[in-house]
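Sequence order for the protein chains is B and D. If you count the first sequence from 1, position 54 lands on 78 in my numbering, and the numbers rise without skipping. If you count the second sequence from 1, position 115 lands on 139 in my numbering, and the numbers rise without skipping. Every residue, glycine too, gets a C-beta built ideally from N, C-alpha and C.
Number of protein chains: 2
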Amino acid sequence: MLTTQDRTEAQAAALFKALAHPVRIAILDVLRHGEECVCHLEAILGKRQAYISQQLAVLRAAQIITDRRDGMNSFYLVVHPEIYALLDAARAVRGGANAAPTAPIRRESCPCPKCAPVAVVAD
Amino acid sequence: MLTTQDRTEAQAAALFKALAHPVRIAILDVLRHGEECVCHLEAILGKRQAYISQQLAVLRAAQIITDRRDGMNSFYLVVHPEIYALLDAARAVRGGANAAPTAPIRRESCPCPKCAPVAVVAD
DNA sequence: TGACAATATGCAGAGAATGGAATATACTGA
DNA sequence: TCAGTATATTCCATTCTCTGCATATTGTCA
């Protein structure tokens, strides 16, 4: 028999499991600023599309994020902003509270070819 | 090269990983009330000693708990009480904040033979 | 010192996660 | 309808994790 307690713990564990991955945390940090399309994540995190998509699928399965299609693009956004309390708390436990609560990884303009076809820095 | 950001994410991920297990969460919930010896955890959680000990080792490796030996017993206690903010936040995300923030699993008297050799309820 | 109790550790099989590659799907514009 | 772009899914080998069992370690008491 599964008590309410058990269920709570299992749910919490499942949530932690979904968060137990640096790339997924990085994705959530990017989404902190609002919804983003996959191409942004790809560009910002410097990972392959298929890989990003896989990690997004994990977060989606854990109901941490949802997607919204708009034409050719998929936009992802966090379902419960409370999730950021979790991320910040985790950093606080580790770094003693002064661990930068996510310096904006995001650049002024996304360097992906769609959004910023302006300048490709090649250094 | 590993940026500060990367390191923060890796640390947070490691913390989440340690928490991503229902039994380990249950252990932390028991420790919420203060330090406990292994025999208590064994009795309260209804798991075998070796199993509990292994999960404790995981939590210890993640520097979430520390132990203190006192004669024949080892007492475990949580290093950063902030960890409970994490657990509560996780439950809040899941259950919508009304998920009982850990109803005391602990019984009035620990049923382990050492502490309460008084009455073994047998229903 | 020897028997015993409490706890920790090592090992192994089963199962799950990771990450890379290929491929499928969905939408747009010509 | 066809080509092209954006994203998702599937497959797979490798690696990690879980968990039960046996055993080692450490402390206590007679």
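At what residues does the beta strand (DSSP E) containing D/R93 begin and finish?
On the second sequence, position 69 is the one that residue 93 of chain D refers to. Segment I89 to D94, the beta strand (DSSP E) holding D/R93.
Using the Cα positions of D/C61 and D/S98, report the straight-line distance between them to the nearest angstrom.
Position 37 of the second sequence, counted from the start, is the residue given in the question as residue 61 of chain D. Position 74 of the second sequence, counted from the start, is the residue given in the question as residue 98 of chain D. Their Cα atoms are separated by approximately 5 Å.
Can you check whether the CB of B/A113 is closer than 7 Å to the CB of D/A113?
Translated into positions along the second sequence, residue 113 of chain D becomes position 89. Translated into positions along the first sequence, residue 113 of chain B becomes position 89. Yes, the pair counts as a contact, with Cβ atoms nearer than the cut-off.
What residues in the region 93 to 117 of chain B have a beta carbon less than 8 Å from any beta carbon of chain D?
H104, E106, I107, A109, L110, L111, A113, A114, R115, A116 and V117
Our contact map puts B/R48 next to B/V82 with C-beta atoms below 8 Å; I'd like the distance itself, whole angstroms only.
Your numbering for residue 48 of chain B matches position 24 in the first sequence. Your numbering for residue 82 of chain B matches position 58 in the first sequence. At roughly 6 Å, the Cβ-Cβ gap stays under 8 Å, so B/R48 and B/V82 are in contact.
C-alpha gap between D/Q73 and B/R92, whole angstroms:
Mapped onto the second sequence, residue 73 of chain D falls at position 49. Mapped onto the first sequence, residue 92 of chain B falls at position 68. Approximately 48 Å, taken between the alpha carbons.
Taking the continuous beta strand (DSSP E) assigned at B/V102, which residues delimit it?
One-based indexing of the first sequence puts residue 102 of chain B at position 78. From DSSP, the beta strand (DSSP E) with B/V102 extends over N97 to V102.
Report buried or exposed for D/Q79, applying the criterion of at least 16 other Cβ atoms within 10 angstroms of its Cβ.
Along the second sequence, one-based indexing puts residue 79 of chain D at 55. With 16 or more other Cβ atoms within 10 Å, it is buried.
Residues of chain D with CB closer than 7 Å to the CB of B/H45, please, in chain order.
Locating residue 45 of chain B in the first sequence gives position 21, where the first residue counts as 1. Around B/H45, the beta-carbon contacts reaching into chain D at under 7 Å are A37.
So that I know if they touch, is there some Cβ in chain B lying closer than 7 Å to that of D/T32?
Position 8 of the second sequence holds residue 32 of chain D. It does: the Cβ of D/T32 has a partner Cβ on chain B nearer than 7 Å.
Pull up the distance between the alpha-carbon of B/L110 and that of B/G70, whole angstroms please.
Here residue 110 of chain B refers to the residue found at position 86 when the first sequence is read from its first residue. Here residue 70 of chain B refers to the residue found at position 46 when the first sequence is read from its first residue. Distance between the alpha carbons of B/L110 and B/G70: 25 Å.
Residue span of the alpha helix (DSSP H) that contains D/H64, given as start and end:
By 1-based counting over the second sequence, the position of residue 64 of chain D is 40. Looking at the DSSP string, the run of the alpha helix (DSSP H) that includes D/H64 is V62 to L69.
Closer than 9 Å by beta-carbon distance: list the chain B residues that pair up with D/A50, in chain order.
Residue 50 of chain D sits at position 26 when you count from the first residue of the second sequence. Going along chain B in sequence order, the residues near D/A50 (Cβ under 9 Å) are Q29, D30 and E33.
Of the choices D/L39, D/E33, D/A34 and D/Q29, whose alpha-carbon is the least far from that of D/I88?
Translated into the one-based positions of the second sequence, residue 88 of chain D becomes position 64. Minimum Cα distance to D/I88 is reached at D/L39.
Using a Cβ cut-off of 8 Å, pull out every chain B residue sitting near D/G119, in sequence order please.
Here residue 119 of chain D refers to the residue found at position 95 of the second sequence. What D/G119 touches in chain B: T32 and Q35.
From B/E33 to D/A44, what distance separates their C-alpha atoms?
Taking the first residue of the first sequence as position 1, residue 33 of chain B is located at position 9. Taking the first residue of the second sequence as position 1, residue 44 of chain D is located at position 20. So the alpha carbons of these two residues sit roughly 9 Å apart.
Partners in chain D for B/K71, counting only beta-carbon separations shorter than 9 Å:
For the purposes of this step, residue 71 of chain B is identified with residue 47 of the first sequence, where counting begins at 1. Those do not exist, as B/K71 stays about 12 Å from chain D at its closest Cβ, beyond 9 Å.
So, are the CB atoms of D/H104 and B/V117 less than 7 Å apart?
For this step, residue 104 of chain D is matched to residue 80 along the second sequence. For this step, residue 117 of chain B is matched to residue 93 along the first sequence. By the CB criterion at 7 Å, D/H104 and B/V117 fall inside the cutoff.
Through-space distance from B/G58 to D/R84, alpha-carbon basis:
As a first step, residue 84 of chain D must be located in the second sequence, where it is residue number 60. As a first step, residue 58 of chain B must be located in the first sequence, where it is residue number 34. Roughly 36 Å between the two C-alpha positions.
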